[in-house]
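A short write-up of the structure that comes next.
In structure tokens, the structure reads:
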């Protein structure tokens, strides 16, 4: 009996050491915590959907008794990726429409539309994703072929950036569009007095407003389809930019049912009914939903020459683009947003649009602040205006794959001098010491690892150009990872609850099959997500 006593005492001590219970232990990992010191660890413990402790497996296993053990087998683990600028719902809807991304000619688009129409015989034909800059003939198409194939059925096909579209005559008739008709902040293209079907910026809305509203079932399918692909890409939070207030309840209901697990940061669109709704409701904040921002559009896109420039386009000497609204509109809404403590997030691509919005922001922010007002894209910034981002704590929210998508033709649009401060992410980072990164999907690919690659390497997926596009504006790997995690969380006022693997934060994390902090740059795009977790619950498994 005396011999058994020491063993019993040891057993009792071991039980006492494991008096704390936990849901999960992740071990044998290279954990990039992305904490303030950018430390790495080999293990962490999850309890109640949050990170409980971070360290090494030996010490954590002595202290915690976890119901589930995840052996990462040496793999790299990162905080869940956050896309700071995307169109989650629009992407989901696009999955149910004609996908024109990657098409290389107008005839190829026609073939895709015909195939879709044979599978879907009723209603509008809606497509998205074409880009004439990828074609041999880089001019906008006309609607003649669409009219001959679909004389009675309305068709509208949006350009990849959403700032231009082509509609057939049936769709134009429903919307009442006539030759010679004008609209502020948009263009209805004609040739020889006849409509070509091309609509730019605000003109697109004339037609899209006539498309019947989707059913509740279609909306739910769109959201859940988008979620599935996001989880497979390692995304655990997405900023959905420009929704109507009616979508807030739809999203909340799906989240409350447990079907929609994705965390969403929602920016409401620049419409009076949305202001009325949120000004009355106040900030909406749950663990999975955050609604406290408004998405405003200053101008269009560079690819469709809708970006508003200080001087004419280099390839169109009499054209400088346009603002989508009178500056007075922005001047009126900015103080209303500021007075209520909401966030203003403005799409501004051209240097003229950026300048207009920086001045309006400055007038309302009055120096350093913590309102975190954002300029979305900030693609072309005049050198004289760069310092305003820092002076007024204005956040440049950028999408690195825009640089590598546009680099083939951006110089033709802007000329060599203006190009120097276009896609200038390093210069913009220096203004406040942090910068959130996104994709703008479905404009660009949903994959956040492409964001990381474009930010660091400044190359396309084929490794072009050899030295990188304007490599002086490349980000380091640490900066790029922060831009997709903790800095993206900060842009959403959520850095205390997510964006790093630290005690007290949500257990949102992703496991990759390669360590993007160490592999050759050329290997980054081929890296795959093996598992994605939200609240310590696996939501994607590659197996």
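In full-length UniProt numbering, the protein residues as written are 1 to 543.
We put the CB at the ideal spot given by N, CA and C, even for glycine.
Note that the structure is predicted; figures quoted are calculated from it, not measured.
Beta-carbon proximity check, residue i vs residue j, cutoff 9 Å
i           : j           : result
residue 393 : residue 371 : yes
residue 244 : residue 209 : no
residue 96  : residue 221 : yes
residue 302 : residue 406 : yes
residue 488 : residue 400 : no
residue 381 : residue 436 : no
residue 569 : residue 51  : There is no way to answer for residue 569, as the model of the chain reaches only from 1 to 543.
residue 276 : residue 352 : no
residue 167 : residue 153 : no
residue 479 : residue 468 : no
residue 237 : residue 440 : no
residue 160 : residue 146 : no
residue 448 : residue 81  : yes
residue 201 : residue 304 : yes
residue 157 : residue 109 : yes
Among the options, the one whose alpha carbon lies nearest that of residue i
i           : options            : result
residue 310 : 330, 355, 455      : 355
residue 99  : 83, 314, 116, 105  : 116
residue 294 : 474, 128, 330      : 330
residue 379 : 229, 467, 396      : 396
residue 285 : 500, 359, 265      : 265
residue 340 : 316, 79, 289, 283  : 283
residue 473 : 291, 434, 429      : 429
residue 515 : 239, 223, 76, 46   : 76
residue 432 : 368, 410, 459      : 368
residue 185 : 532, 296, 321, 269 : 321
residue 193 : 415, 181, 416      : 181
residue 216 : 242, 253, 123, 206 : 253
residue 136 : 409, 495, 543      : 409
residue 101 : 226, 297, 445      : 445
Host alpha helix (DSSP H) of residue i (start-end)
i           : result
residue 83  : Looking at the DSSP string, residue 83 is not in any alpha helix (DSSP H); the run it does join, the beta strand (DSSP E), is 81-86.
residue 55  : Run containing residue 55: none in the alpha helix (DSSP H); it sits in the beta strand (DSSP E), 50-55.
residue 355 : 351-365
residue 553 : Only positions 1 to 543 of the chain appear in the structure, and residue 553 is not among them; the question remains open.
residue 277 : 272-281
residue 334 : 327-339
residue 148 : 144-149
residue 113 : 106-119
residue 251 : 246-257
Buried or exposed (CB count within 10 angstroms, at least 16 for buried), residue i
i           : result
residue 92  : buried
residue 464 : exposed
residue 374 : buried
residue 57  : buried
residue 104 : exposed
residue 119 : exposed
residue 246 : exposed
residue 148 : exposed
residue 218 : exposed
residue 319 : exposed
residue 138 : exposed
residue 15  : Low confidence applies here, because residue 15 scores a pLDDT of 46, under 50, leaving its location unreliable and the question unanswered by this model.
residue 79  : buried
residue 212 : exposed
residue 242 : buried
residue 27  : buried
residue 500 : buried
residue 528 : exposed
residue 492 : buried
Limits of the unbroken beta strand (DSSP E) element including residue i
i           : result
residue 165 : 164-167
residue 130 : 125-130
residue 343 : 343-348
residue 451 : Taken as a continuous stretch (DSSP letters only), residue 451 belongs to no beta strand (DSSP E), being part of the alpha helix (DSSP H) at 448-457.
residue 531 : 529-534
residue 304 : Element bounds for residue 304: n/a, residue is neither H nor E.
residue 295 : 289-297
residue 550 : As displayed, the chain neither begins before 1 nor continues past 543, which places residue 550 out of reach and without an answer.
residue 264 : 263-269
residue 524 : Element bounds for residue 524: n/a, residue is neither H nor E.
residue 100 : Premise fails: residue 100 is in no beta strand (DSSP E) and is neither H nor E.
residue 32  : 30-32
residue 47  : 43-47
residue 310 : That residue, residue 310, is in no beta strand (DSSP E); it is neither H nor E in DSSP.
residue 157 : 155-159
residue 375 : 374-377
Mind listing, in chain order, the continuous beta strand (DSSP E) runs of no fewer than 3 residues lying wholly within the region 382-424?
-> 395-397
Where are the beta strand (DSSP E) runs, 3 residues long or more, that stay fully inside the region 435-515, in chain order?
-> 509-512
Return the chain-ordered ranges of every beta strand (DSSP E) run that is complete within the region 176-239 and spans a minimum of 3 residues.
-> 186-191, 194-201
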